[in-house]
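Asker: There's a structure below that I have some questions on.
Number of protein chains: 2
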Amino acid sequence: MARTQGSHSDITGPRLRDAALRLFAQDGYAAVSMRRIAQEVGVQAGALYNYIPDKQTLLFELLQAHMQDLLAAWRACAPGPDADPLARLEAFTRFHIRFNTQRADAVFISYMELRNLSPENFAAIEGLRRTYETTLEDILRAGVAQGAFTVTEPRITAMALISMLTGVNTWYRGAGRLSLPEVEALYWDMVRRAVAAGPAATGDDTR
Amino acid sequence: MARTQGSHSDITGPRLRDAALRLFAQDGYAAVSMRRIAQEVGVQAGALYNYIPDKQTLLFELLQAHMQDLLAAWRACAPGPDADPLARLEAFTRFHIRFNTQRADAVFISYMELRNLSPENFAAIEGLRRTYETTLEDILRAGVAQGAFTVTEPRITAMALISMLTGVNTWYRGAGRLSLPEVEALYWDMVRRAVAAGPAATGDDTR
DNA sequence: GGTTTAACTGAACACCCGTTCAGATCAAAG
DNA sequence: CTTTGATCTGAACGGGTGTTCAGTTAAACC
Chain A
1 MARTQGSHSD ITGPRLRDAA LRLFAQDGYA AVSMRRIAQE VGVQAGALYN
51 YIPDKQTLLF ELLQAHMQDL LAAWRACAPG PDADPLARLE AFTRFHIRFN
101 TQRADAVFIS YMELRNLSPE NFAAIEGLRR TYETTLEDIL RAGVAQGAFT
151 VTEPRITAMA LISMLTGVNT WYRGAGRLSL PEVEALYWDM VRRAVAAGPA
201 ATGDDTR
Chain B
208 MARTQGSHSD ITGPRLRDAA LRLFAQDGYA AVSMRRIAQE VGVQAGALYN
258 YIPDKQTLLF ELLQAHMQDL LAAWRACAPG PDADPLARLE AFTRFHIRFN
308 TQRADAVFIS YMELRNLSPE NFAAIEGLRR TYETTLEDIL RAGVAQGAFT
358 VTEPRITAMA LISMLTGVNT WYRGAGRLSL PEVEALYWDM VRRAVAAGPA
408 ATGDDTR
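Residue numbers (the numbering used here), protein chains in the order written: chain A, 1 to 207; chain B, 208 to 414.
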């Protein structure tokens, strides 16, 4: 079955994934044909089906791999639950910006192509995403519990912060005026101020 | 040319736009065929070309109309530049959430389908978007100028806040636990704290 | 050197795409 | 009642779609 030595087709699988990721991010899943992907890999369209069952599964595997990478990367560098919540929050903030700017294509697809997934595949990806959101939510709850944060709706605040942080991808291009550490510092400052405990909000109106 | 009285086809144009907006939001521009749109309108595909020159222009007009509506609606309810920056910022925050949750489909398309625009059409939409971002940026600069806000990068902060506010659309469905005014209040609290002047940030590290 | 076998080609399948257009339809105008 | 002209149909055009598969290729194995 498997070759003992690497033949040139041992790299077709990864090359297929790379090309698909880039093309999907560029033109969108629906607008990229299997023939276009095959051309990028340097192969005929039929050959792709030695590596994937169909186009839909290819998309799903890309998204799933991305989300699993994200969760694994966070687990690899996350401070433990006993660490200072402020430090945990800062680590999360910097991690999110760093990881997402490094994999802009995968992040883009993960937000744009969810609707092209079958219901079961969608549910699987959605579950992974929820897991990630919950790690931030847990940090916020820990900070609230020990009085470091003032957050009345941890779930919503977590999603709001993630939206803000992911927004970096819409403008950051790596060659701009600000370095990545500077960007991290800017966003960390906003995140910290948005949740840090302090003089209570006037909280007077709900209009 | 134009009928003096409304015939049934005077409504085909608007119905076409409504159907296209909904279908594009649901399945994506590339995945929605002209025949599918025509079916929704109750007409054959060819008839659509009495109202639009081509599919690409239909998308552009939807996005352009949305952005122009957004800018017009803001101008209609925006406090003048002499108002208190904090009040202006609150008005912007509440306006953005209210407008965007009311037109979720158009907002969704405006973020997802930009890449399906021709370069000229893209530039036009991008210009409108920049105009909107700049209105928030101007509010932030005004607040900084009179010491109400502590913001070192108004442009980036404006985009970060807009990302956060637009993120409401990813989870708000109108029938949830929180009312829209409650959501507005939650986000306004985060926005205010993120930019309000106060005890200076420790601002020690850039890592 | 002959056999095996994974990898790949190239053609085919049935179907859908955006767009065009001659001709039918039918309400309003004269 | 005839003319007008916007509106719409239905078929067609050239081309692209995801996927399948018999047959070719060529590297690895005995």
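In this text, a Cβ means the ideal position worked out from N, Cα and C, and glycines have one as well.
These figures come from a predicted structure and were not determined experimentally.
1) Can you tell me where the alpha helix (DSSP H) with Q251(B) in it begins and where it stops?
2) Considering Cα atoms alone, identify which of E133(A), D69(A), M67(A) and D105(A) is closest to R173(A).
3) In whole angstroms, give me the CA-to-CA distance for T413(B) and A47(A).
4) Note down the Cα distance separating R17(A) from R177(A), rounded to an integer number of angstroms.
5) Relative to the C-alpha of L387(B), which candidate in R229(B), F302(B) and L278(B) has its C-alpha closest?
6) If distances are taken between C-alpha atoms only, which option among T300(B), A283(B) and L266(B) comes closest to L343(B)?
7) Is the beta carbon of L62(A) closer than 8 Å to that of I109(A)?
8) Below 6 Å CB to CB, which residues in the same chain sit around A232(B) once its five sequence neighbours on both sides are set aside?
9) Secondary structure at A209(B), three-state DSSP: helix, strand or coil?
10) State the CB to CB distance for the pair L86(A) and G143(A), rounded to an integer number of angstroms; the pair is presumed to be in contact (CB under 8 Å).
11) Any idea if R242(B) is buried or exposed, counting beta-carbon neighbours within 10 angstroms, 16 or more meaning buried?
12) How should Q212(B) be labelled, buried or exposed, when 16 other C-beta atoms within 10 angstroms of its C-beta is the threshold for buried?
13) Distance, Cα to Cα, V41(A) vs I162(A)?
14) For chain A, check one thing: does any of its Cβ atoms lie closer than 8 Å to the Cβ of D234(B)?
15) Considering Cα atoms alone, identify which of G198(A), I52(A) and E182(A) is closest to T150(A).
16) Strictly under 8 Å for the Cβ-Cβ distance: is S370(B) near chain A by that measure?
17) Spell out the partners DSSP gives F302(B) in its beta bridges.
18) Hey, how far is the Cα of T134(A) from the Cα of L186(A)?
19) How would you list, in chain order, the residues of chain B whose beta-carbon sits under 8 Å from the beta-carbon of Y187(A)?
20) Determine the chain A residues that contact A401(B) at a beta-carbon separation under 7 Å, and present them in chain order.
21) Which residues in the same chain as A124(A) place their Cβ atom closer than 8 Å to its Cβ, once the five residues preceding and following it in sequence are excluded?
22) Is E344(B) close to chain A? Criterion is C-beta to C-beta, closer than 8 Å.
23) I need the straight-line Cα distance from L23(A) to R141(A), nearest angstrom please.
24) Near R15(A), which residues of its chain fall below 7 Å by C-beta distance, leaving aside the five closest residues on each side in sequence?
Answerer: According to the structure data:
1) Looking at the DSSP string, Q251(B) is not in any alpha helix (DSSP H), and its letter there is neither H nor E.
2) D105(A)
3) Confidence at T413(B) is low in this model, with a pLDDT of 45, below 50, so the placement of that residue is unreliable and no value is reported for it.
4) 32 Å
5) F302(B)
6) T300(B)
7) yes
8) D312, F315 and I316
9) With a pLDDT of 32 at A209(B), under the threshold of 50, the modelled position of that residue is not reliable, and no figure is offered here.
10) 7 Å
11) exposed
12) Per-residue confidence for Q212(B) stands at a pLDDT of 33, beneath the threshold of 50, marking its modelled position as unreliable; the derived number appears in the next sentence. By the 10 Å Cβ count, Q212(B) comes out exposed.
13) 34 Å
14) yes
15) G198(A)
16) yes
17) DSSP, once it has assigned bridges, lists no residue as partnering F302(B).
18) 24 Å
19) A367
20) M190, R193 and A194
21) F60 and Q64
22) no
23) 40 Å
24) V41
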